[in-house]
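One structure is given below, encoded as structure tokens.
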Amino acid sequence: MNGIEHALEYWYPIAMHNELSNGQTRRARLLEKELLLSGGANDSLTVTCNERPLALQSAFDHWWVTLSENPLPLFTIPEADEAERRFVPCGVVRVACSPLRAVENFLDIAHFPFVHTDVLGAEPHTEVYKYDVKIDESKDEVIASNIRFYQPQAAKSAEGGIETEYIYRVPAPMVAILYKTCPQKADAMDVIALFVQPLDEQTCDVWPWMALYDDTSTMADLIQFQQLIFLQDRSILENQIPRKLPLDPGLEIPTRADLTSISYRRWLKKRGAYYGALENC
Amino acid sequence: MTTQPVGLSIDLAPQQVMRAIDGQYDMAVWRSTSGVVSAWENRCPHRGMRLSYGFVRGESLACAYHGWHYSCEGYCHYIPAHPELTPPKTVRPVLYSVVEQSGLIWVNTEQDAMPVALPDDLQPVRSLVIECDLATAVQALDTRQPHGGVESLSDTPKIITFETGGISQGAVVAIQQSQPNRLIVHMLVQSAVTAKDKIALSRLIESVRRQAESACNEAT
Ligand code: FES
Ligand SMILES: [Fe+2]
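Protein chains in written order, with my numbering: chain L, 4 to 284; chain D, 35 to 254.
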């Protein structure tokens, strides 16, 4: 059992809005199945698997697809309805790693000074202060809060270093959302999400998406900033071994800074989300 | 388990890290600032990052992902996320036995490294990868001998002395069988030879590679 039955219950990002023009087609892979995407009139899309049309819905500037007849509901991001925000779909990055490793890396702050040096972190500001993690029972989500970290350039719009506050949400095994201090608007938080499309247990396409308060940067600059960050992450993700995520402690040794990762792994295990995880580990 | 030559000493300067593969063993081999060489399993005990992507600080190897520092004995002694914490002794990658001798770095992943005895005064020429099996590579080397077959000093790892036209002392070739069809050939030369001779040897081993790889491609 590699957890594929469990993974099939969810919705996954498959394309950005307006990515395919009318009549344009593209192949895609999801959970080891081959899909065909076809753009239609008025920015519509159809997705088929062995000629069977799949259920689709549109959310957060992406098309979401499911292989299930009876899927779980798609998670929500209330900030997606806030009209003053800039919504930035950042394109797609292919990563040769488990989809779960991609999510876990997104939840990690201790790597900022070493992987995103002088942007999201810098020595000697490496300490990860105590923060809180809980499982929100009503939504069945992992929530990490009260995270503070010093960042030299927290966002495209930041001028100089600031202490940034973070909150993380994991609403589905292959989705992570973070809220962080907005450099341009004191009382608001920017939203950055990572939507992961699992091609198989060891390969994924990652679709970053942002909902920001930033009225100065160009769209191209915002996308480029996020892509640069994610390419730095990819150089790590493709060199973690084993490629699948171990769920039980033993093979990998965490510390207090890894509380989010520890809770994420437990939460995956509890719900049987083994797709992309190491068997018996 | 045999002791494998994984590289020329000269190619691993202080503060450098390299990756070596020996069959199913993936290793990080690194040299501290003072010159100590270590060979470890290529996996950080924290979150599995390959340690060969790490960086050397003083007498420590730091992992590229979260910067955990490991001493030459392998113990983690600094976790940047918790600067005050003394990590438990259990945070340690698997260590392999490593010895430097005759200008080569030798590793044994299962027991103490015992290098093959080689002539004194070897000087490094270069290392290069040949994508073929051992027999084909040895055959290709053989055809370059002006006076008959290569002389074997050792079979596992394959170490042969190799006569070369014009260079009186000949060369030593230590072949590391990294993967079934991936050899790493480390070439050294006896006694003092000129820079020009070294260039000639380097060209020669390149042409051996071309010959061996095309023979191998034809066979498959
Ligand atoms: S994986 Fe090496 S320090 Fe975290
Ligand atoms: Fe990152």
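For every residue, glycine included, the Cβ atom is placed at its ideal position computed from N, Cα and C.
Output yes or no for whether 8 Å exceeds the beta carbon distance between residue i and residue j.
i: D:Gln211; j: D:Ile55; result: no
i: D:Gly82; j: L:Glu255; result: yes
i: L:Ala189; j: L:Val178; result: no
i: L:His65; j: L:Phe233; result: no
i: L:Ile239; j: D:Ala98; result: yes
i: D:Val63; j: D:Ile139; result: yes
i: L:Asp217; j: L:Arg89; result: yes
i: L:Pro249; j: L:Leu281; result: yes
i: D:His100; j: L:His114; result: yes
i: L:Ala191; j: D:Ala115; result: no
i: L:Leu70; j: L:Leu11; result: yes
i: L:Trp210; j: L:Val95; result: yes
i: D:Glu252; j: D:Ile164; result: no
i: L:Ser41; j: L:Thr49; result: yes
i: D:Val125; j: D:Cys106; result: no
i: L:Lys272; j: L:Gln205; result: no
i: L:Tyr277; j: L:Gly6; result: yes
i: D:Ser86; j: D:Val40; result: no
i: L:Ile112; j: L:Tyr169; result: yes
i: L:Ser264; j: L:Ile138; result: no
i: D:Leu235; j: D:Pro158; result: no
i: D:Arg91; j: D:Arg84; result: no
Decide if residue i is buried, meaning its Cβ has at least 16 other Cβ atoms within 10 Å, or exposed.
i: D:Ile6; result: This structure cannot settle anything about residue 6 of chain D, because the visible part of chain D is limited to 35 through 254.
i: D:Thr170; result: buried
i: D:Asp45; result: exposed
i: L:His119; result: buried
i: D:Ala229; result: exposed
i: L:Pro257; result: exposed
i: D:Glu192; result: Per the sequence shown, the amino acid found at residue 192 of chain D is Lys instead of Glu. By the 10 Å Cβ count, D:Lys192 comes out buried.
i: D:Ser241; result: exposed
i: L:Thr167; result: buried
i: D:Gln38; result: buried
i: D:Pro117; result: exposed
i: D:Ala47; result: exposed
i: L:Thr184; result: buried
i: D:Arg243; result: buried
i: D:His181; result: exposed
i: L:Asn25; result: exposed
i: L:Arg274; result: exposed
i: D:Ser136; result: buried
i: L:Asn108; result: buried
i: L:Arg30; result: exposed
i: L:Leu231; result: exposed
i: L:Pro193; result: Here residue 193 of chain L turns out to be Asp, not Pro, going by the sequence shown. By the neighbour-count rule (16 or more Cβ atoms within 10 Å), L:Asp193 is buried.
i: D:Gly183; result: exposed
i: D:Ala208; result: buried
i: L:Thr51; result: exposed
i: L:Met213; result: buried
i: D:Pro79; result: buried
i: L:Gly163; result: exposed
i: D:Pro16; result: Residue numbering for chain D in the displayed model covers 35 to 254; residue 16 of chain D lies beyond these limits and cannot be assessed.
Return the Cβ separation of residue i and residue j in integer angstroms, given the expectation that the two are a contact with Cβ distance under 8 Å.
i: L:Pro92; j: L:Met19; result: 5 Å
i: L:Leu57; j: L:Trp67; result: In fact, because the Cβ distance is near 10 Å, the residues do not count as touching under 8 Å.
i: D:Gln224; j: D:Val206; result: 7 Å
i: L:Phe228; j: L:Lys159; result: 4 Å
i: D:Leu168; j: D:Leu217; result: 6 Å
i: D:Val141; j: D:Met61; result: 7 Å
i: D:Ser68; j: D:Glu93; result: 6 Å
i: L:Leu39; j: L:Pro201; result: Their Cβ separation, rounded to whole angstroms, is 18 Å, which puts L:Leu39 and L:Pro201 out of contact at 8 Å.
i: L:Val98; j: L:Arg237; result: 5 Å
i: D:Val219; j: D:Leu162; result: 6 Å
i: L:Ala157; j: L:Pro186; result: 6 Å
So that I know if they touch, is there some Cβ in chain A lying closer than 8 Å to that of residue i?
i: L:His114; result: The structure shown contains no chain A; the protein chains it does contain are L and D.
Nearer than 7 Å: is that true of the beta carbon of residue i relative to any heavy atom of ligand 4?
i: L:Asp236; result: Ligands in the displayed structure: ligand 1 and ligand 2; ligand 4 is not one of them.
Taking three-plus beta-carbon pairs below 8 Å as touching, is the stretch 146 to 157 of chain D in contact with the stretch 186 to 195 of chain D?
Segments in contact, yes.
Are the stretch 171 to 180 of chain L and the stretch 129 to 146 of chain L touching by the rule of at least three beta carbon pairs closer than 8 Å?
yes
Output the residues surrounding ligand 1, defined as those with a CB atom closer than 5 Å to any ligand heavy atom, in chain order.
D:Cys78, D:His80, D:Arg81, D:Met83, D:Cys97, D:Tyr99, D:His100, D:Trp102
Does the stretch 120 to 131 of chain D come close enough to the stretch 147 to 157 of chain L to have 3 or more Cβ pairs within less than 8 Å?
no
With contact counted as at least three CB pairs below 8 Å, one residue from each stretch, are the stretch 96 to 104 of chain L and the stretch 117 to 136 of chain L in contact?
no
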